[in-house]
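Under the UniProt record's numbering, the first residue of the sequence shown carries the number 1, and numbering increases by one thereafter. Note that beta-carbon positions come from the ideal geometry of N, C-alpha and C, so glycine has one too.
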Amino acid sequence: MSTESFTTQGQGQSFDPPAATFYQELEHLTTFINWATKEICPKEDTVCQSRAAALSNAVSLDISWDSTRRTLRVSSLFPLSEQSTSVSGSPTRRTEVGMFSKDAPPNQKPHEVGVSGLLSVLGENKKPSGTLFGFPSRHRATEAEFSARFVSPTGLHPTLRLTVSSNKPPPTEDECGLYAYFTLPKTLFADRYQFADQLLLASKNLTASRYTSLPVDLEAPAYTTKKWGSSVLLQLAPPSSNEAETWTAEVPLHLRYLEPSASGKVDIEVPYPAVFWACELGANADLSNNPFDRSRLGYDGLFSDNTVFWHATPRPAVGNRIMAPISVPVLKEHGVSLVGFGTAAAVSLGFAWVLWKLAAVFAVSGYESMTGEVQEESKKSK
């Protein structure tokens, strides 16, 4: 992987966009686990190796690097299950162990997370101490659900339709807007110039394009495009009716030319967008003390630090995957040689025709000019 595969800039609304972005779909963590076991964990550190192997059952994995503090943070969540846990300390690192369960402090506010349990630092505390926490949550869930699928027929300019179960904003007095953040592979792209057409946006239940990662080559085929793809943040325009209702928004996209295949078609998948209400809190709100806070997700850097996100739940339109499939027409492999031969023949015939026309013009014009010169010379001699 080269640095040319990353997107490093964007256009539109942005507060703290990532310096560089790369996206790749991973169906499982097997390759990462094998790499981490060999490259990160020392050979004699069996605890590190066992924790790395346990990531195969994780439902989420977050890795962040703080260049200022030179701290690597790895956070993983696992399904609820009964399990035994063994933690060993080391003189070379600080090991803090906590066991918590969901709880509600007496002064807990709505949409805050409360936990209580025991906390101990190995080598420093002889007995664990009781702890009770309460902190606001940046990411919250709404009752709305959504699905995504391409409108048939797709062609080379497909339309991705989002079906949202509710148009009602979240239960808050803060100012909110409904957004969809798309992570598009390099096989297709969104034309940011097309989103400048207000009539088109209104007909698709869209408000505006708030951000597009750059550069996006509008002409290059997929097999010559070095960037991984692109990211797009669109603000949606839900119906303003007082009653909750199901509604749709449509996003026009464009396919790139793909390499030939034996069948004449290539099946690709586009990940579901993140659909959420973004609400701006007051200036005194503090969301930084939440130990479960997830940041640098891509879209959160496009909003201020005091923004909370009310997420709609994705539901698969087909099967059990939150991916939108599409079949792309391409050139059949057995026709590649014929196309090459036909192109060469057409160019050769065209070149021959041009030469023939030039020769014909020269034959007529050249003969007349030579005749005129002979006549003038004969007049001078007389």
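{"Asked": "Could you give the C-beta distance for A180 and L234, rounded to a whole number, given that I count them as a contact under 8 angstroms?", "Found": "5 angstroms"}
{"Asked": "With a Cβ-Cβ cutoff of 9 angstroms, do G117 and G98 count as a contact?", "Found": "yes"}
{"Asked": "Once the 5 residues before and after C114 are set aside, which same chain residues still bring their CB inside 6 angstroms of it?", "Found": "Checking the sequence shown, residue 114 turns out to be Gly, not Cys. These residues qualify, in order along the chain: D103, A104, P105, Q108 and G134."}
{"Asked": "Can you tell me where the beta strand (DSSP E) with E175 in it begins and where it stops?", "Found": "E175 to P185"}
{"Asked": "Rounding to the nearest angstrom, what Cα-Cα distance links E4 and G229 in this structure?", "Found": "11 angstroms"}
{"Asked": "Can you confirm whether the segment 279 to 296 touches the segment 202 to 221 when touching is taken to mean that 3 or more C-beta pairs between the two stretches lie within less than 8 angstroms?", "Found": "no"}
{"Asked": "With DSSP run on the structure shown, which of helix, strand or coil describes H311?", "Found": "strand"}
{"Asked": "Using only the alpha-carbon positions, how far apart do P110 and N34 sit?", "Found": "42 angstroms"}
{"Asked": "Is W247 closer than 9 angstroms to A278 when the C-beta atoms are compared?", "Found": "no"}
{"Asked": "Please state if the CB of L188 and the CB of V270 are separated by a distance shorter than 9 angstroms.", "Found": "yes"}
{"Asked": "So, under 8 angstroms CB-CB, G319 and S231 are touching, yes? Tell me the CB distance rounded to an integer number of Å.", "Found": "Rounded, the Cβ-Cβ distance is 25 angstroms, inconsistent with contact."}
{"Asked": "On a CA-only basis, which of E173, P170 and A148 is nearest L162? Give me that one, please.", "Found": "A148"}
{"Asked": "Let me make sure I understand the geometry here. Which of T172, L178, D217 and P158 has the alpha-carbon closest to that of S166?", "Found": "L178"}
{"Asked": "For the segment 182 to 258, which segments carrying the alpha helix (DSSP H) assignment without a break, of at least 4 residues, lie completely within its bounds, in sequence order?", "Found": "198 to 203"}
{"Asked": "Buried or exposed for A312, going by 16 or more other Cβ atoms inside 10 Å?", "Found": "buried"}
{"Asked": "By DSSP, does G298 sit in helix, in strand, or in coil?", "Found": "coil"}
{"Asked": "From which residue to which residue does the beta strand (DSSP E) around T142 run?", "Found": "H139 to F150"}
{"Asked": "Is the number of C-beta pairs between the segment 252 to 264 and the segment 141 to 159 that are closer than 8 angstroms three or more?", "Found": "yes"}
{"Asked": "On a CA-only basis, which of K265, A237, P221 and P273 is nearest R256? Give me that one, please.", "Found": "P221"}
{"Asked": "What first and last residue would you give for the beta strand (DSSP E) that runs through E269?", "Found": "K265 to P271"}
{"Asked": "Less than 9 angstroms separating the beta-carbons of T212 and P273?", "Found": "no"}
{"Asked": "To the nearest angstrom, how far is the alpha carbon of A196 from that of I322?", "Found": "29 angstroms"}
{"Asked": "Quick one: what does DSSP say G89 is sitting in, helix, strand or coil?", "Found": "coil"}
{"Asked": "Just how far apart, CA to CA, sit T95 and V87?", "Found": "9 angstroms"}
{"Asked": "On the criterion of 16 or more Cβ atoms from any shown chain inside 10 Å, does I326 qualify as buried, or is it exposed?", "Found": "buried"}
{"Asked": "State yes or no: is the C-beta of P238 within less than 9 angstroms of the C-beta of E25?", "Found": "no"}
{"Asked": "How big is the Cα-Cα spacing for R315 and D305?", "Found": "29 angstroms"}
{"Asked": "Among the residues of its own chain, which have a CB less than 7 angstroms from the CB of L236, if the five just before and after it don't count?", "Found": "L178, Y179, A180, N205, L206, T207 and A249"}
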